[in-house]
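Written out below as structure tokens is the structure these notes cover.
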Amino acid sequence: MGEFVSHTIKPRYDLLGPKHGKLMRAIASALLQADAGVVAQDVLAGRPVVLTLDGTGDVSILPEEIAVETVAREGFHVETNNGRWVALDTAITDDLKMEGFARELVNKIQTTRKEAGFEISDRIHTVLVGGYESMRAVAKHREYLMAETLSLSLAQGEPVGEYVKEWDVNGEKVTVGVRRVR
């Protein structure tokens with residue numbers, strides 16, 4: 616999971632101090648010099664961590680005596696449950712962005728149809744104008760938009776029709792005009 620998260624480990628002084636007394640400083644030093652990923656893996660799995668102290672030998676630290684902070688690396692969201700990890704890549708590619716715009720445009724065209732009082736089975740002509748990203752989505756997903764909205768035509772330009780409505784589509788102003796096919 617190291618490619619998706621980073622770990623910070625800290626000794627729990629409130630638990631280690633009373634138990635180890637004068638060794639506490641050496642334990643803290645050894646713990647902070649240890650590989651945080653390896654220590655975190657042991658702690659999260661419920662295994663004790665064995666530290667080698669200078670001149671004193673080995674000491675076993677219980678998992679609850681070490682605080683582990685796990686932070687997702689940039690571009691990822693990570694969840695854990697019962698020792699299992701799931702990492703999601705949260706980067707929005709241009710294709711995903713365009714698909715999101717297309718889905719939102721379908722929603723706005725469908726709502727425009729409904730507000731116009733059209734029957735669910737009515738075929739329509741659609742004309743719209745909007746921001747750069749919205750129009751890129753129309754160009755890329757024209758067939759999808761037409762199929763989902765029962766549009767026999769989908770034109771870009773000044774909207775006209777039986778019903779015209781202005782919408783906000785992901786922060787861009789988009790005006791949709793629909794006309795029923797007779």
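The sequence shown begins at 616 in the working numbering and counts up one residue at a time.
Backbone N, C-alpha and C fix where the C-beta goes; we use that ideal spot for every residue, glycine too.
Mind checking which residues open and close the alpha helix (DSSP H) that includes residue i?
i, result
"Pro-626", "Unbroken run through Pro-626 is the beta strand (DSSP E), 620 to 626; no alpha helix (DSSP H)."
"Leu-720", "709 to 730"
"Lys-755", "747 to 755"
DSSP three-state call for residue i: helix, strand or coil?
i, result
"Ser-736", "coil"
"Leu-646", "helix"
"Gly-672", "strand"
"Glu-758", "helix"
"Arg-640", "helix"
"Ala-660", "coil"
"Glu-763", "helix"
"Leu-630", "helix"
"Val-744", "strand"
"Val-653", "helix"
For the beta strand (DSSP E) holding residue i, just list the boundary residues, first then last.
i, result
"Thr-685", "681 to 687"
"Ala-799", "In the structure as shown, the chain starts at 616 and stops at 797, and residue 799 therefore has no counterpart that could be examined."
"Arg-794", "787 to 795"
"Val-693", "691 to 696"
"Val-784", "778 to 784"
Given a cut-off of 8 Å on the beta-carbon distance, is the pair residue i and residue j in contact?
i, j, result
"Ile-624", "Leu-631", "no"
"Val-721", "Leu-760", "yes"
"Val-742", "Gly-776", "yes"
"Glu-773", "Ser-749", "no"
"Arg-794", "Ile-739", "yes"
"Ala-682", "Arg-757", "no"
"Ala-645", "Leu-659", "no"
"Val-621", "Arg-688", "Position check: residue 621 holds Ser in this sequence, whereas Val was assumed. Cβ distance < 8 Å, so Ser-621 and Arg-688 count as in contact."
"Thr-685", "Leu-638", "no"
"Leu-767", "Asp-737", "no"
"Glu-614", "Tyr-778", "The structure shown does not extend to residue 614, since the chain is modelled only from 616 to 797, so the question has no answer here."
_Is it the case that the stretch 662 to 670 contacts the stretch 683 to 694, given that we only count it when at least three CB pairs across the two stretches are under 8 Å?_
no
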